[in-house]
Amino acid sequence: MAYPFQSIEKKWQSYWAKNQTFAADSTSEKPKYYVLDMFPYPSGAGLHVGHPLGYIASDIVARYKRNKGYNVLHPQGYDSFGLPAEQYAIQTGQHPAITTAANIKRYREQLDQLGFSFDWSREVRTSEPDYYKWTQWMFLKLFASWFDTSQNKARPIEELMTILEQSGNLNLQTHCDASTPEISADQWRAFSEKEKQTHLLNYRLAYLAETEVNWCPELGTVLANDEVVNGVSERGGYAVVRKKMTQWSMRISAYAERLLSGLETIDWPEPLKEMQRNWIGKSVGASVRFDIDGHQDIIEVFTTRPDTLFGVSFMTLAPEHPLVEQITTDAQKQDVQAYVETTASRSERERMADVKNITGVFTGAYALHPFTEEKIPIWIGDYVLAGYGTGAVMAVPCGDQRDFDFAKHFDLPIKNIFSDTDVSEAAHSEKTNTTIANSDFLNGLDVAQASKEVIRQLTAIGKGAAQITYRLRDAVFSRQRYWGEPIPIYFDNGTPRALPIEALPLHLPEVEKYLPTPEGAPPLGNATEWAWDAQHQKVVSNTEIDHKRVFPLELNTMPGWAGSSWYFNRYMDAGNASQFADKTALDYWGAVDLYVGGSEHATGHLLYARFWQKVFFDLGYVGVEEFAKKLVNQGMILGNSAFVYRKSGTQTFLSRGLVGDNSVEPIHVDISLVDSSDAVDIEALKQWQPHFQEATFELEDGKLLAKREVEKMSKSKYNVVNPDDICQTYGADTLRMYEMFLGPIEQAKPWNTAGITGVFGFLNKFWRLFHSGDVFTISDESPSKEALKALHGTIEKVTQDIEQLSLNTAVSAFMICVNELTSLGSNQREILEPLTILLSPFAPHICEELWALLGHESSIVEAPFPEANKQYLIESTKTYPISFNGKVRFTLDFDLSADPKSIEAMVLADERTQQQLAGKAVRKVIVVPNKIVNVVC
RNA sequence: GCCUUGGUGGCGGAACUGGUAGACGCGCUGGAUUCAAAAUCCAGUUCUGGCAACAGAGUGUGGGUUCGAUUCCCACCCAAGGUACCA
């Protein structure tokens, strides 16, 4: 008989809810611990067994830390703005808020049945006005800030205005748009209000500018760089094209260096840090200015190899480079124009797909070498990207493979500037194994020395300087969608203006259609009530826009990552109506101590959240610069798909062994129709989908065998395992422990329902320790030494394992312990009481029940976590393996208090030693305490 | 190509700073209980040979260091994830 998990789980879940057992207190004297999960998007499909993996791990840590005496914050919420609800709204006209609320209700039911110790009183939903009010508030703070490079931090825009008032921007050190004009204080003062506002957009951390964006026509919106994968949209896989549009952006590039160096201070997985480093893409090198023969203009290039300056044999400009038109000679005009047009007509995707084809064209113009004054032909090539560096490169064929290939293809000279290095077949792109030659004052130097020297000389003649470039681009922040936070901006004669803070939240208006307007404006363009009455400080009907002081409101909404960039701070003081969180609460909870979530957010959410946190740290709103001290990526739980093979063009299905040379298509079938021997239940298959009723089946040994494959869990692959079903059959405690037992949490692993019986059996065995027959029975006698040893060894091991998040081995340790106690017949209170608390983070329901049966009234969350008594772990005698030259030959029992010398003497005195030696001399004896004795002979 | 992580039985996976490799679970085999089944319990299960005691091999491959290597070093192979005309 299985233990009554169903009634137990229901009982304690309602007990916890009723007593607010897990509500955290922000004013505790106890040390704090903040465990956070990445909050889910509540999709319509509900949870499958893969989703709760990370939640279970963090819940174990949360419960453990509570028992360890910490004040634990373990909240949960919903990232509830998002595309699926909006697309459902487009199809059905149902408001996304309704869909979202229904999905959240379902999520909550599923989460509750797993017994998580979330503090639901702090729940957040990014789509609720009392939450997104503060997202909008933060946007306005970003809008009202600029980055001061001299102080390396964000500052309020008013302080910049004071500086401009006093001295213009001539000596200003800031991170601003490349096209920002130089202005003096006089010029600034002479600016009209509109001119001032336009100028300030060059500095604001949230700014409106015409930028080249990733436009996805299918989705009808722009996408951030991290939402574009291989030239298509991450969601849906639709084509993405480059397009110039006026868009809101976040000046995250100002924080490139701090985002990079901050990684050194946080305990995050190395692969994830590496992804962020690559995304930020720091390159150290120099900028070099080349004069153009017969022109006023100069070409500026960025290079990571300034040491190769004397190896330059041509220059290459991106086809979009602004100088292309001006410098092209009449003779080359036609060719150049044709080339520029062809490249412009090609999508990003085509350009990427076709990187092996070398294309380019000569402009007819020449640049002049900064030292030798040599004439260098200027070419155009689409291997140079307009968006990186300066959009121009100095081509050094002997030191860069792409330059080499380009030179070979167009028969341009290849000058060798490396001594004793062959560059006839390929470029020498490594920075090692060579010294510089044929390079005037650089001859004989190595790469590092030469780089340093050439930068010194370039600086001296004013033709270059050391420079650092980052790949990180500013993040586009506008989305042409309905179901997102409205950007709290109105337009005064085309100039963007912040809504006053008191006017927040700026509520989403009702619209009739969730599609873009016929003119192509975002869905908010359909709203009739979407204008700002500045005088009365309220949103009014669009028809009033012509009136004095009524202005159009911004139609774009914020991207999905806006709300998730700061939610961890909101949990600290979720109910606060007057601030995003009180400073006292923020200071008390500080940073997240353990953050659990997927690595797919590496260059999205996790980068943007770090950026926002740094800005609000600079502005003094939060006290820590990195929001999460430690992060763990849980691996995916994969589904075990099943296929049957259909003979091509027929309705005949073959058992997998009969496929042979037949041409077949694999067809997914529902995994519930396939048993553990991979045989398909054909009758059930016919019931499942009608078209199988007319099918014929070719069997082997009377069975239709399916092919198995491990894939991502998804509805369309019919391989989803639902946690509800597992809870029904085995209970939540079994599911929790089994998911942990499956393997290390960082690792991806396939789900296999068959294995769950092991954990289920364990919990039943544990239950039976407390019961004889069906009667609760425990003994008040003193436990045996063996039982105490088993208990304390388990306490020691489990404590270590939880601290290291090695939860699979902790489950194993419990199994060993219970097996041992069962075979000892040990059911003493002194053993079972601590064991119950020890297990409670993993299997909270059964432990609560047993704890109550043990006669305690209060919840076990208040019971102290047991400490291992080391005295029980030390054995007085121990069996040592004795090995000869590393091979174990026999064992001997020793008193552990004996010193190594006497152990050695005993080994040598044993007659088996003499047998093993067979006359050979003993060279030395190695005694490894508690492990092994090795005799070297 | 580059970066990161990893490679251990039929399977998921253990092994602390180098110290008896394969814990724990699944599966499989045999047994007990049962009229029978489910459930439960007991024993066995890396491979090869042997009834057995036992012997030999064995942590992707090849070398090295060491009394002793899954662990450290060198070279290579493979897999997963990330990323790419980034100058």
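Here the first sequence stands for residues 154 to 1090, where the numbers follow this note's numbering. Idealized CB from N, CA, C, for every residue including glycine.
Rounded to the nearest angstrom, the gap between the Cα atoms of T399 and Y643 is 15 angstroms. The residues D420 and L747, in chain order, have a CB closer than 6 angstroms to that of K783 in the same chain once the five nearest residues on each side in sequence are set aside. Of all alpha-carbon atoms in L521, A674, W714 and R650, the one lying nearest the alpha-carbon of D686 is that of R650. Within 10 angstroms of the beta-carbon of K218 lie 16 or more other beta-carbons, which makes it buried.
Contact check for I433 against Y623 passes: the beta carbons are separated by less than 8 angstroms.
D645 sits close to F704, with the two beta carbons spaced by under 8 angstroms. Contact between the region 318-328 and the region 785-794 is not established, with fewer than three Cβ pairs separated by less than 8 angstroms. Counting C-beta pairs with one atom in each stretch, the region 879-899 and the region 857-869 have fewer than three that are closer than 8 angstroms, which means they do not touch. Apart from the 5 residues on each side of it in sequence, N591 sits with its Cβ closer than 6 angstroms to the Cβ of I570 in its chain, given in chain order. Scanning Y741, T737, L236 and V785 for the CA closest to the CA of E387 turns up L236.
With three or more CB-CB distances shorter than 8 angstroms, the region 698-715 counts as touching the region 664-680. Cα atoms of Q690 and E682: separation of roughly 14 angstroms, rounded to the nearest angstrom. Going by DSSP, Y391 is part of no alpha helix (DSSP H) at all; its letter is neither H nor E.
Residues of the same chain with a CB within less than 6 angstroms of the CB of W368, apart from the 5 flanking positions on each side, are V375, V394 and K396 in chain order. Distance from the CA atom of D488 to the CA atom of R609, rounded to whole angstroms, is 39 angstroms. In this structure Q229 is buried. Its beta-carbon is surrounded by 16 or more other beta-carbon atoms within 10 angstroms. Taken atom to atom, the span from the alpha-carbon of S414 to that of L1061 is near 59 angstroms. Cβ contact annotation for H562 (same chain, cutoff 6 angstroms, sequence separation greater than five): I511, in chain order. A Cβ-Cβ distance of about 13 angstroms is found for the pair L772 and A359, leaving them out of contact under the 8 angstroms criterion. A distance of 8 angstroms or more separates the beta carbons of G813 and D379.
Judged by beta-carbon spacing, T469 lies beyond the 8 angstroms limit of G517, meaning their Cβ atoms are not closer than that value. DSSP places V366 inside the beta strand (DSSP E), whose first and last residues are A359 to C369. Each residue's CA atom was taken as its position, placing F269 and R261 some 11 angstroms apart. The DSSP assignment places no complete run of the beta strand (DSSP E) inside the region 877-960 (cut-off: 3 residues).
Between V437 and A548, the C-beta spacing is not below 8 angstroms. Straight-line spacing of the CA atoms in A471 and T461 works out to 21 angstroms. For S345, there is no enclosing alpha helix (DSSP H), since its DSSP letter is neither H nor E. Per the Cβ contact rule, the region 716-736 is not in contact with the region 648-668 (fewer than 3 Cβ pairs under 8 angstroms). Straight-line spacing of the CA atoms in K183 and I1013 works out to 18 angstroms. The bridge partners DSSP lists for Q981 are S932. Rounded to whole angstroms, the separation of the alpha carbons of V768 and L353 is 18 angstroms.
Taking the CA atoms as reference points, T588 sits about 34 angstroms from Q429. Between V441 and the set S604, G373 and S280, the nearest pair of CA atoms involves S604. Pairing N980 with L922 gives a Cβ-Cβ distance under 8 angstroms. Boundaries of the beta strand (DSSP E) around H821: V817 to V822. Q400 sits in a strand when the DSSP states are folded into three classes.
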